[in-house]
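S.K.: The working numbering numbers the first residue of the sequence shown as 1 and each following residue consecutively.
We treat Cβ as the ideally placed atom computed from N, Cα and C, and that holds for glycine.
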Amino acid sequence: MKNQRAEVVARADVYVAGVGFIGVATYTSPELKFKKTTNNGAAGEYDLAYGAVEKLEAGAKLTVTNEVLYEAASMLNEANITFSEAVATEDGAKGRRDVLIGSIDIKDNESKHGETKEVELNISAHYWLKESNGIPVIEIDKQKDIVRINGKDVLEDIRKAVGA
1 MKNQRAEVVA
11 RADVYVAGVG
21 FIGVATYTSP
31 ELKFKKTTNN
41 GAAGEYDLAY
51 GAVEKLEAGA
61 KLTVTNEVLY
71 EAASMLNEAN
81 ITFSEAVATE
91 DGAKGRRDVL
101 IGSIDIKDNE
111 SKHGETKEVE
121 LNISAHYWLK
131 ESNGIPVIEI
141 DKQKDIVRIN
151 GKDVLEDIRK
161 AVGA
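1) In terms of residues, what are the limits of the beta strand (DSSP E) holding VAL87?
2) Can you list, in chain order, the residues of its chain with a C-beta nearer than 8 Å to that of ARG148? Leave out the 5 residues immediately preceding and following it.
3) Taking the DSSP output, what are the residues bridged to LEU129?
4) Would DSSP call LEU155 helix, strand or coil?
5) If you draw a straight line from the C-alpha of VAL9 to the C-alpha of LYS107, how long is it?
6) Using CA coordinates, which residue listed in ILE158, GLU131, ALA161 is at the minimum distance from GLY151?
7) Return the first residue and the last residue of the beta strand (DSSP E) that ALA10 is part of.
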């Protein structure tokens with residue numbers, strides 16, 4: 001895979017499952033951060049990742065207020081939100097998509113005369129699918145103990161060991 005020199009986000013849209021497009025946003029994707037255990041060797045301590053991932057937390061700022069956000073929040077742990085980006089690269093445009101399922105918190109920001117109204121979302125996800133041009137790059141399902149990175153199921157051996 002070739003390295004890209006620069007990418008420019010041309011558009012970032014937000015969708016709620018069952019409703020469709022609700023606005024344009026700035027979006028912070030969850031971190032792919034593996035849990036680690038500390039081991040001791042003759043030369044000292046070192047960390048080993050074992051496949052489980054830390055909490056999946058994402059955020060967004062929307063310049064739109066839509067009651068659908070409250071409907072999604074009422075779904076408790078099953079709010080389904082998709083962030084879709086059009087990205088311009090030196091090789092042309094490509095699409096990226098993040099699908100998150102989990103709970104959302106909504107912060108209605110301060111209202112100021114003459115300024116655009118913003119709403120902040122904080123998402124605590126138990127499911128995350130990240131695609132680039134329709135190809136899955138990351139798929140994490142914490143409820144099913146699945147962590148796939150570029151098609152490799154990193155928890156497969158652990159599930160087999162426990163008979164799952």
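M.R.: Let me lay it out:
1) 79-89
2) PRO136, ILE138, GLU139, ILE140, VAL154
3) VAL99, GLU139
4) coil
5) 24 Å
6) GLU131
7) 7-16
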